[in-house]
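Protein chains: 2
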Amino acid sequence: MSGNEKNTEQLILDAARNVFIEKGFDGARMQEIADTAGINKALLHYYYRSKDQLFESVFRESLSTFFPRIFEVMSFPIELSEKIKLFIDSYIDIILQNPHIPAFILHELNRNPARITDILPFTEKTMSGLLSSLSQEIKTAGFIEISPEQLVTNMISLCIFPFIARPIIQPIFLGNDADRFDEFIQNRKTEVTQFILNALTKK
Amino acid sequence: MSGNEKNTEQLILDAARNVFIEKGFDGARMQEIADTAGINKALLHYYYRSKDQLFESVFRESLSTFFPRIFEVMSFPIELSEKIKLFIDSYIDIILQNPHIPAFILHELNRNPARITDILPFTEKTMSGLLSSLSQEIKTAGFIEISPEQLVTNMISLCIFPFIARPIIQPIFLGNDADRFDEFIQNRKTEVTQFILNALTKK
DNA sequence: GTCTATATTGTGATAGAC
DNA sequence: GTCTATCACAATATAGAC
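Note that the protein sequences, when read in sequence, are chains A and B.
Take the first sequence: its letter number 186 is residue 296 in my numbering, and every next letter is one higher.
Take the second sequence: its letter number 62 is residue 172 in my numbering, and every next letter is one higher.
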């Protein structure tokens with residue numbers, strides 16, 4: 111091996127990721143994946159027996175890029191308000207690096223909701239532990255009464271939704287200039303953080 | 111006509127709506143639409159020349175169910191806090207009646223973002239008028255400084271996202287009992303309203 | 001308007017040479 | 001491991017009888 115060439119398996123996975131994320135499972139074509147990888151269809155089936163298997167690899171990888179990070183920051187031993195600040199900032203940054211993955215994951219999960227039970231990297235126990243300690247932290251911080259589920263849902267909604275709804279937000283609010291979307295999102299980092307922290311503060 | 115039979119065109123449109131919304135354009139099959147409508151494929155093409163045309167009808171209809179309502183309430187002559195309350199409540203109600211349409215619309219728009227320019231029921235002028243008067247109302251109400259674009263984005267995110275992310279929210283937060291999702295959403299009506307109004311209030 | 005039958009093309013997957 | 005050629009079937013669309 112001369113060194114700077116990626117191995118074929120990785121080449122295929124990269125191509126498949128791009129095509130599946132852009133087109134979805136149903137819209138993706140093995141031919142297009144092969145073309146993108148610079149190889150032919152037969153080789154695709156040599157490495158991954160079927161379209162389903164190739165998709166499965168891409169999907170698991172995508173899910174694991176995003177999912178654990180949601181609760182990672184939330185278990186840091188810092189003040190809740192700092193957690194929230196850190197979460198919003200870092201989570202929006204992650205999405206900025208892979209802006210189409212949230213829509214991809216959610217579309218595929220809606221297409222087949224059962225999929226998630228196979229893949230979920232959490233036990234119910236881990237989850238209920240996180241939720242009950244978050245519940246405690248909300249009280250300790252002197253915030254308004256809110257269930258941890260509703261709070262987490264709100265945080266994630268405010269981070270992710272604008273990326274999924276970009277085809278609407280861009281033309282309605284920002285016109286044709288794509289740069290303004292980046293600006294809009296960068297502003298949101300502080301805007302959303304302040305919005306949430308203020309919402310949680312009693313009067 | 112004996113009375114209680116719908117005409118075939120409507121029968122087809124109903125079937126197409128169900129199938130397209132569940133499977134998306136790429137996943138939908140003309141055969142399945144025909145079966146659902148209780149007719150055969152040839153008749154589909156008799157009424158709608160192609161799959162694209164049939165889809166176009168369904169998509170336009172779906173978009174017009176949802177889109178205008180977003181800004182309808184926002185132009186009522188009532189206090190901003192009342193508008194927000196009314197908007198959250200009525201918008202979540204609309205989504206509850208068509209819980210899969212938001213994911214459908216957003217997926218199809220991401221598949222082809224250009225589509226929206228053909229269909230948008232708003233002129234840029236109407237939009238900028240709404241935004242600048244909303245901007246004024248935020249000041250008049252004595253709320254925190256926030257751009258109308260960010261506020262509207264937040265409101266819509268908090269209403270719509272939980273429906274799109276249901277395949278994640280349900281198993282993580284609510285277990286297997288589907289009824290708990292309805293409960294969760296019903297709670298959100300007041301939770302989200304309070305969350306937003308509190309976020310907008312200066313301390 | 002509605003059907004059966006069929007044309008035509010697209011698509012995932014495999015066989016087999018090198 | 002990689003390719004060309006091809007199979008088998010799925011899917012949109014049309015022709016033509018009733």
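Note that the Cβ used here is the ideal one computed from N, Cα and C, for glycine as well.
Give the DSSP bridge partners of B/THR311, in chain order. B/PHE253
Note down, one range per segment and in chain order, each alpha helix (DSSP H) of at least 4 residues found wholly within the region 211 to 241 of chain A. 211 to 221 and 225 to 229
Smallest Cα separation from B/LEU240: which of B/ILE122, B/ASN286, B/LEU190 and B/ILE143? A check of alpha carbon separations from B/LEU240 across B/ILE122, B/ASN286, B/LEU190 and B/ILE143 identifies B/LEU190 as the nearest.
Selected residue, minimal CA-CA separation from A/SER245, among A/GLN260, A/ALA213 and A/LYS299: A/GLN260
Alpha carbon to alpha carbon, what distance is there between A/ASP287 and B/ASN222? 17 Å
Any 3 or more C-beta pairs closer than 8 Å across the region 162 to 179 of chain B and the region 160 to 170 of chain A: no
Residue interval of the alpha helix (DSSP H) (run including A/PRO272): 258 to 274
Below 7 Å between beta carbons: does that hold for B/THR303 and B/ILE149? no
Inter-residue spacing [alpha-carbon to alpha-carbon] between A/SER257 and A/PRO231: One C-alpha to the other measures close to 23 Å.
Quick one: grab the DSSP three-state call for B/ALA152. If DSSP states are grouped into helix, strand and coil, B/ALA152 belongs with the helices.
Could you give the distance in angstroms between the alpha-carbon of B/ILE143 and the alpha-carbon of B/HIS210? 17 Å
Would you give the residue range spanned by the alpha helix (DSSP H) that B/ASN128 belongs to? Per DSSP, B/ASN128 belongs to the alpha helix (DSSP H) from 118 to 137.
So, for A/PHE253: in the same chain, excluding its five sequence neighbours on each side, which residues have a beta-carbon less than 8 Å away from its beta-carbon? LEU190, LEU310, THR311 and LYS312
I'd like to check one pair, B/VAL183 with B/LYS195: are the Cβ atoms closer than 7 Å? no
When DSSP labels each residue in this structure, what does A/ASP289 get in the three-state scheme? helix
Does the distance between the C-beta of A/LEU173 and the nearest non-hydrogen atom of the ligand ATP fall short of 6 Å? Among the components of this structure there are no ligands whatsoever, and the ligand ATP is therefore not found.
Would you please verify whether the beta carbon of A/GLY137 is less than 7 Å from any beta carbon of chain B? It does: the Cβ of A/GLY137 has a partner Cβ on chain B nearer than 7 Å.
Output yes or no for whether 7 Å exceeds the beta carbon distance between A/ALA147 and A/ILE122. yes
Report, in whole angstroms, the separation of the C-beta atoms of A/ASN220 and A/THR175, which I expect to be a contact under 8 Å. No, A/ASN220 and A/THR175 are not in contact; Cβ-Cβ is about 19 Å, not under 8 Å.
Which of helix, strand or coil DSSP assigns to B/ASN208: Three-state DSSP puts B/ASN208 in coil, outside helix and strand.
Under the rule that 16 or more other beta-carbon atoms within 10 Å means buried, what is A/ILE290, buried or exposed? It should be pointed out that residue 290 of chain A corresponds to Arg in this sequence rather than to Ile. So A/ARG290 counts as exposed.
What residue range does the alpha helix (DSSP H) around A/VAL183 cover? Looking at the DSSP string, A/VAL183 is not in any alpha helix (DSSP H), and its letter there is neither H nor E.
When the Cα of A/ALA275 is compared with those of B/MET140, B/HIS217 and B/ILE248, which residue comes out closest? B/HIS217
Output needed for B/GLU247: all residues of its chain with C-beta closer than 6 Å, excluding positions within five of it in sequence on either side, in chain order. LEU190
Using only the alpha-carbon positions, how far apart do B/ALA152 and B/ALA125 sit? 15 Å
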